[in-house]
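Enquirer:
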Amino acid sequence: MSTHQIQLTINGRPQHATVEGRLTLSDFLRGDAGCTGVHVGCEHGVCGACTVMVDGNAVRSCLMLAVQADGCTVTTVEGLAAEDGTLHPVQQALRDEHGLQCGFCTPGIVMTLASLTAADNKAAPDKVMNALSGHICRCTGYQGIRRAARKLAGGAA
Ligand code: FES
Ligand code: FES
Numbered sequence: 001m002s003t004h005q006i007q008l009t010i011n012g013r014p015q016h017a018t019v020e021g022r023l024t025l026s027d028f029l030r031g032d033a034g035c036t037g038v039h040v041g042c043e044h045g046v047c048g049a050c051t052v053m054v055d056g057n058a059v060r061s062c063l064m065l066a067v068q069a070d071g072c073t074v075t076t077v078e079g080l081a082a083e084d085g086t087l088h089p090v091q092q093a094l095r096d097e098h099g100l101q102c103g104f105c106t107p108g109i110v111m112t113l114a115s116l117t118a119a120d121n122k123a124a125p126d127k128v129m130n131a132l133s134g135h136i137c138r139c140t141g142y143q144g145i146r147r148a149a150r151k152l153a154g155g156a157a
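Below, the structure is given as structure tokens:
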């Protein structure tokens, strides 16, 4: 079994670790870094639940190895709210529009929308809706999620 030393920043904190070459970033974040807000559903890039930001980009962490994150800045849903508990605008929009039920899909959706709005805070509604198309939610029927996304894109809820 080969192991590797990695060094990365997770939610603003530097972290060093020794990981197996085959360890996925999702398992590393959940098991080693304690970021259990990274949810693992399909484990093959389909459901979107495991989405995190790597250097600002939304990434499916089940499709990335921990060693590939060496030197990167990783943000999980735990790193979004302010220290005083103020929610990130994406979290607040989902809350306001009742865009979650069981919450399993929610961290992934939050991270995709946070990445998109950070890159372009006037993202066109169709671009935001397109970004959501890679996320599976088994509870909500998507309407609350879509309202929240439209609100973030500046459209009418
Ligand atoms: S668990 Fe990664 S996309 Fe489903
Ligand atoms: S809120 Fe349950 S899967 Fe989306």
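So in the UniProt record's numbering, spot 66 of the sequence shown is number 66, and the numbers just go up one at a time. Cβ coordinates follow ideal geometry from the N, Cα and C atoms, glycine included.
#1: Helix, strand or coil: how does DSSP classify R22 here?
#2: For the putative contact between C72 and G45, defined by C-beta atoms under 8 Å, what is the C-beta separation to the nearest angstrom?
#3: Along the chain, where does the beta strand (DSSP E) that runs through T51 open and close?
#4: Tell me the rounded alpha-carbon separation between L87 and V110.
#5: Taking 7 Å as the cut-off, is the beta-carbon of C42 closer than that to any non-hydrogen atom of ligand 1?
#6: Please report the straight-line C-alpha distance between A49 and A123, rounded to a whole angstrom.
Expert: In brief:
#1: Annotated three-state conformation of R22 is coil, per DSSP.
#2: Contact doesn't hold; Cβ gap of about 19 Å is too wide.
#3: 51 to 54
#4: 11 Å
#5: Result yes, Cβ under 7 Å from ligand 1.
#6: 22 Å
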